[in-house]
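Asks:
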Amino acid sequence: MSASSTSTAGGRRDLHPALRFFLFLLLLFGFLVSIKLMGNSFKLQGGDTATELLKSVTNPFAGLAVGILATVLVQSSSVTTALIVTLVGSRAMPVSVAVPMIMGANIGTSVTNTIVALAHMRQSREFERAFAGATMHDFFNLMAVAIFLPLELLTADLFAGHPGGVLTEAALQLALLFDSNLDLESTASVAVKSGWKSPIKIVVGGAAKFIQGLVVSDADNATTTEAIMLGTVGLAGIFASLVFITKNMRKLIADRAERALNRVLQKSGLIGIAVGVLLTVAVQSSSITTSLLIPMIAAGVLSVRNAFPITLGANIGTTVTALLAATVAGSWGLVIALVHFCFNGAATLVLYPIPAVRYLPVRMAEGLARLTLRNRMWAVLYVVITFVVIPLAGMMIFRG
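For the sequence shown, counting from 1, position 124 maps to 170 in the numbering used here; every step adds exactly one.
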């Protein structure tokens, strides 16, 4: 028997597990490059618009809406939060607006994995699992904002001499631990830099840049048509890679391995949270981490409930990028980056330990997924209304 194949129960030849694993890595690489291409497309079309949106807001509720929209436009909460760190550090944006904007970025970042879930529309069972796995992230972030935004606004006047509420004060005290001589009066411009670059991100970014060069003649002056073409290539790559990743994963991972994986994650949610944090720090993107979970959930390799703690870990891990950026910012730039960390960490500490609340986002997501099975249009409407219509309406109402 060839080392490159094995016999199945029906006598057919199947790929050797080692080759299947190599194929999985290739497909995974293609998937990550495709996500990067789609993100680049959004940035070419809306990067400048996102920056102008952030600069023009003065109302906290408009800040929440703009945080969502800006992140949808650039397809990265890390980019949005880094811009916010810059604006706050240079005192071009008040802290009272920046905090809800950070919360909005948390909601907006989950649009990527929700779009990824739409790739499974043709397979009912896969789509139900994938859409539930994607939207549980949305519901968790919405619940977190529903708790902590009112708390931040209601406690805004409790801390004399310092702007912001309880989250801002907690972040300020953490910042003082880092630097007891923190200059809160500084208005120096902030240069956002990261001292460490993920090798995965570098390789994926290089491949995406090469493909982008074949589609876009000049990245600084890309036409709308070129940006749309790039987005189409990225979206097609996501759909194609997901189809084959799901099929390959079902054959690569045996039932016994699936049960072992789910049993370990079910036994301790802390393991899942730790995995989410470490993976997100490695790839420097919560969108990539949560999007990677979708084919695993769709294939049934990972249950929705056991994937939930990994999603929470990704939420915490994504704050590292802003923290790295803020190490050269000082003053309020560091404080607002720590607000992001405090918000995601506190949301997990408040919502996850309580058994009655822990899986509420999962149950809501599963209910929505069952609804979308009756009519796939509900899934599309959900994405458009949640990530575009409501934020746009909120921005117009509260800016007006």
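No residue lacks a Cβ here, since even glycine has one placed at the ideal position from N, Cα and C.
#1: With Ser337 as the anchor, note down where its alpha helix (DSSP H) starts and where it stops.
#2: How do the segment 407-421 and the segment 248-260 stand: do at least 3 beta-carbon pairs fall below 8 Å, yes or no?
#3: CA-CA distance, Phe185 and Ser332?
#4: Under 8 Å: do the segment 377-393 and the segment 208-218 share three or more Cβ pairs, one atom per stretch?
#5: Assign Gly241 to one of three DSSP states: helix, strand, or coil.
#6: Am I right that Ile193 and Gly154 are in contact with their C-beta atoms under 8 Å? What's the rounded C-beta distance?
#7: Can the beta-carbon of Val385 be found less than 9 Å from the beta-carbon of Ile148?
#8: Would you kindly report the start and end of the unbroken alpha helix (DSSP H) that includes Met410?
#9: Quick one: is Thr326 buried, meaning 16 or more other Cβ sit within 10 Å of its Cβ, or exposed?
#10: Can you give me the start and stop residues for the alpha helix (DSSP H) that Thr142 sits inside?
#11: Please tell me whether Asn152 and Asn352 are closer than 9 Å, where the distance is taken between their beta carbons.
#12: So Ala273 packs on Ser87, CB below 8 Å; how close in whole Å?
#13: Distance, Cα to Cα, Val403 vs Leu358?
#14: Spatial neighbours of Gly109 within its chain, please: CB distance less than 6 Å, with the 5 preceding and 5 following residues excluded, ordered by chain position.
#15: So, helix, strand or coil for Gly322, using DSSP?
#16: Report the CB separation of Leu199 from Pro63 in whole angstroms; it is logged as a contact under 8 Å.
#17: Are at least three pairs of beta-carbons, each pair with one atom in the segment 334-353 and one in the segment 155-169, less than 8 Å apart?
#18: Please classify Pro407 as buried or exposed, where buried requires at least 16 neighbouring CB atoms within 10 angstroms.
#19: For a minimum of 4 consecutive residues, which ranges assigned as the alpha helix (DSSP H) are wholly contained in the segment 161-215?
#20: Does the beta-carbon distance from Ile319 to Thr365 come in below 9 Å?
#21: Please state whether the Cβ-Cβ distance between Met139 and Ala425 is less than 9 Å.
#22: Can you tell me which of Phe173, Lys255, Ala439, Ala128 puts its alpha carbon nearest to the alpha carbon of Ala411?
#23: Buried or exposed, going by whether 16 or more other CB atoms sit within 10 Å of the CB of Ile400?
#24: For Asn352, which of helix, strand or coil comes out of DSSP?
#25: Of the residues Ile356, Phe444, Met423, Leu311, which one's Cα is nearest the Cα of His183?
#26: Here's the rule I'm using: 16 or more other beta-carbon atoms within 10 Å means buried, otherwise exposed. How should Pro196 be labelled?
#27: How about Ile343 and Ala202: are their beta carbons less than 9 Å apart?
#28: So, Pro341 versus Val112, is the Cβ gap smaller than 9 Å?
#29: When you compare each of Tyr428, Gly322, Phe433, Leu276 to Asn390 by their alpha carbons, which one comes out closest?
#30: Does the distance from the CB of Ser80 to the CB of Gly259 come in under 9 Å?
#31: Taking buried to mean at least 16 other C-beta atoms within 10 Å of its own C-beta, is Ser287 buried or exposed?
#32: So, is Ala439 buried or exposed, given that buried needs 16 or more other C-beta atoms within 10 angstroms?
#33: Does DSSP put Ala138 in a helix, a strand or coil?
#34: With a threshold of 8 Å on Cβ separation, who are the neighbours of Ala55 within its own chain once the five nearest residues in sequence on each side are excluded?
#35: With 16 other CB atoms within 10 Å as the buried threshold, where does Lys82 fall?
Replies: In this structure, then:
#1: Translated into positions along the sequence shown, residue 337 becomes position 291. Here the alpha helix (DSSP H) through Ser337 covers 332-344.
#2: Under the three-pair Cβ rule at 8 Å, the segment 407-421 does not count as touching the segment 248-260.
#3: In the sequence shown, the residue the question calls residue 185 occupies position 139. In the sequence shown, the residue the question calls residue 332 occupies position 286. Their backbone Cα atoms lie some 16 Å apart in a straight line.
#4: A contact is defined here as three or more CB-CB pairs under 8 Å, and the segment 377-393 meets this definition with respect to the segment 208-218.
#5: In the sequence shown, residue 241 corresponds to position 195, counting from 1. Residue placement at Gly241 is poorly supported in this model, since its pLDDT is 47, which falls under 50; the coordinates still yield a value, given next. Note: Gly241 maps to coil in three-state DSSP.
#6: Counted from its first residue, the sequence shown places residue 193 at position 147. Counted from its first residue, the sequence shown places residue 154 at position 108. That pair is no contact at about 18 Å.
#7: By one-based count along the sequence shown, residue 385 stands at place 339. By one-based count along the sequence shown, residue 148 stands at place 102. Yes, the Cβ-Cβ distance between Val385 and Ile148 is below 9 Å.
#8: Start at 1 with the first residue of the sequence shown, and residue 410 comes out as number 364. Per DSSP, Met410 is one residue of the alpha helix (DSSP H) stretching across 406-420.
#9: In the sequence shown, the residue the question calls residue 326 occupies position 280. The residue in question, Thr326, is buried, as its Cβ has 16 or more Cβ neighbours within 10 Å.
#10: Numbered from its first residue, the sequence shown carries residue 142 at position 96. At residue 142 the sequence reads Ser, which differs from the Thr that was named. First-last of the alpha helix (DSSP H) with Ser142: 141-154.
#11: As a position in the sequence shown, residue 152 is number 106, starting the count at 1. As a position in the sequence shown, residue 352 is number 306, starting the count at 1. Cβ distance not < 9 Å, so Asn152 and Asn352 don't count as in contact.
#12: Along the sequence shown, read from residue 1 onward, the residue named residue 273 stands at position 227. Along the sequence shown, read from residue 1 onward, the residue named residue 87 stands at position 41. That belief holds up - the Cβ atoms of Ala273 and Ser87 are roughly 5 Å apart, short of 8 Å.
#13: As a first step, residue 403 must be located in the sequence shown, where it is residue number 357. As a first step, residue 358 must be located in the sequence shown, where it is residue number 312. Going by the C-alpha atoms only, they are around 14 Å apart.
#14: Working through the sequence shown from its first residue, we reach residue 109 at position 63. Around Gly109: Val103, Val143, Pro146, Met147.
#15: By 1-based counting over the sequence shown, the position of residue 322 is 276. Reduced to three states, the DSSP call for Gly322 is helix.
#16: By 1-based counting over the sequence shown, the position of residue 199 is 153. By 1-based counting over the sequence shown, the position of residue 63 is 17. No, Leu199 and Pro63 are not in contact; Cβ-Cβ is about 54 Å, not under 8 Å.
#17: yes
#18: Within the sequence shown, residue 407 is the residue found at index 361, counting from 1. Its Cβ being crowded by 16 or more others within 10 Å, Pro407 is buried.
#19: Here the runs fully enclosed are 170-200.
#20: On the sequence shown, position 273 is the one that residue 319 refers to. On the sequence shown, position 319 is the one that residue 365 refers to. No; because the gap between Cβ atoms is not below 9 Å, this pair is not in contact.
#21: In the sequence shown, residue 139 corresponds to position 93, counting from 1. In the sequence shown, residue 425 corresponds to position 379, counting from 1. Going by C-beta atoms, Met139 is not nearer than 9 Å to Ala425.
#22: For the purposes of this step, residue 411 is taken as residue 365 along the sequence shown, with counting starting at 1. Here the closest residue by C-alpha is Phe173.
#23: Your numbering for residue 400 matches position 354 in the sequence shown. Per the 10 Å Cβ criterion, exposed.
#24: Position 306 of the sequence shown, counted from the first residue, corresponds to residue 352. It is helical.
#25: Taking the first residue of the sequence shown as position 1, residue 183 is located at position 137. Closest by alpha carbon: Ile356.
#26: The count along the sequence shown starts at 1 and reaches residue 196 at position 150. With a 10 Å radius around the Cβ and a threshold of 16 neighbouring Cβ atoms, Pro196 comes out exposed.
#27: Taking the first residue of the sequence shown as 1, we reach residue 343 at position 297. Taking the first residue of the sequence shown as 1, we reach residue 202 at position 156. No, the Cβ-Cβ distance between Ile343 and Ala202 is not below 9 Å.
#28: Position 295 of the sequence shown, counted from the first residue, corresponds to residue 341. Position 66 of the sequence shown, counted from the first residue, corresponds to residue 112. No, Cβ-Cβ distance for Pro341 and Val112 is not below 9 Å.
#29: Looking up residue 390 in the sequence shown gives position 344. Nearest C-alpha to Asn390: Gly322.
#30: On the sequence shown, position 34 is the one that residue 80 refers to. On the sequence shown, position 213 is the one that residue 259 refers to. Taking 9 Å as the Cβ cut-off, Ser80 and Gly259 do not qualify as a contacting pair.
#31: Along the sequence shown, one-based indexing puts residue 287 at 241. Buried is the call here.
#32: As a working mapping, residue 439 is identified with position 393 in the sequence shown. Exposed, since its Cβ has fewer than 16 Cβ neighbours within 10 Å.
#33: Numbered from 1 along the sequence shown, position 92 holds the residue referred to as residue 138. Of the three classes helix, strand and coil, the one that applies to Ala138 here is coil, per DSSP.
#34: Taking the sequence shown and counting its residues from 1, one reaches residue 55 at position 9. With a pLDDT of 48 at Ala55, under the threshold of 50, the modelled position of this residue cannot be trusted; read the value that follows with caution. Its chain contains no residue whose beta carbon lies nearer than 8 Å to that of Ala55 once the 5 sequence neighbours on both sides are disregarded.
#35: Taking the sequence shown and counting its residues from 1, the one referred to as residue 82 is at position 36. Answer is buried; the Cβ neighbour count reaches 16.
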